[in-house]
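Asks: For the sequence shown, the positions run 18 to 111 when the numbering used here is used.
My questions all concern the structure below.
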Amino acid sequence: MTAHEQLKAILQEDIRQLELLAEVLHQEKSVLSSADIQPLQEMTSRKNQILEGIRERAKKKIHLLVNMGYKPNAGEPSRFIRAAGMDELYQLWK
């Protein structure tokens with residue numbers, strides 16, 4: 018799998034996980050109005066798992082971009098992706 022394909026797969030997974038996080042946050046909002054703490058603890062655990070995955074994939078994304086020529090001190094990764102003409106990746110990155 019090329020770096021481009023790996024980055025695309027990671028970005029797609031990020032999108033799925035962010036959608037899942039939004040669902041968990043919506044459920045959490047409902048649970049906060051109740052007095053039952055158990056579901057809240059479970060949701061906090063789910064949020065932490067999702068966020069840990071997002072953090073790990075962020076490291077992988079930067080590593081892949083560096084391998085593709087991105088210089089971290091050059092500014093936002095999205096600028097590099099766009100300037101490199103990787104339109105599909107740019108749309109996923111946004």
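C-beta atoms are modelled at their ideal positions from N, C-alpha and C, and glycine is treated no differently.
If you're wondering where the values come from, they're calculated on a predicted model, not measured in any experiment.
Measuring CA to CA, which of 82, 35 and 55 is closest to residue 19?
Replies: When only C-alpha atoms are compared, the closest one is 82.
Asks: Is residue 123 helix, strand or coil by DSSP?
Replies: In this structure the chain extends from 18 to 111, so residue 123 is not present and cannot be described.
Asks: Going by DSSP, what residue range makes up the alpha helix (DSSP H) through residue 70?
Replies: Where residue 70 is concerned, the enclosing alpha helix (DSSP H) stretches over 54 to 84.
Asks: CB-CB under 7 Å to residue 48, same chain, minus the five flanking residues each way: which ones, in chain order?
Replies: Excluding residues within five positions, the ones whose Cβ falls inside 7 Å are 56, 57 and 60.
Asks: Only counting the same chain, and skipping five residues up and downstream in sequence, which positions put a Cβ closer than 7 Å to that of residue 63?
Replies: Answer for residue 63: 41, listed in chain order.
Asks: Output the boundary residues of the alpha helix (DSSP H) element that contains residue 88.
Replies: Here residue 88 belongs to no alpha helix (DSSP H), and DSSP marks it neither H nor E.
Asks: Would residue 53 count as contacting chain C if we go by Cβ distances under 8 Å?
Replies: The structure shown contains no chain C, having only a single protein chain.
Asks: Looking at residue 105 and residue 25, is the spacing between their C-beta atoms short of 8 Å?
Replies: Yes, they are a contact pair.
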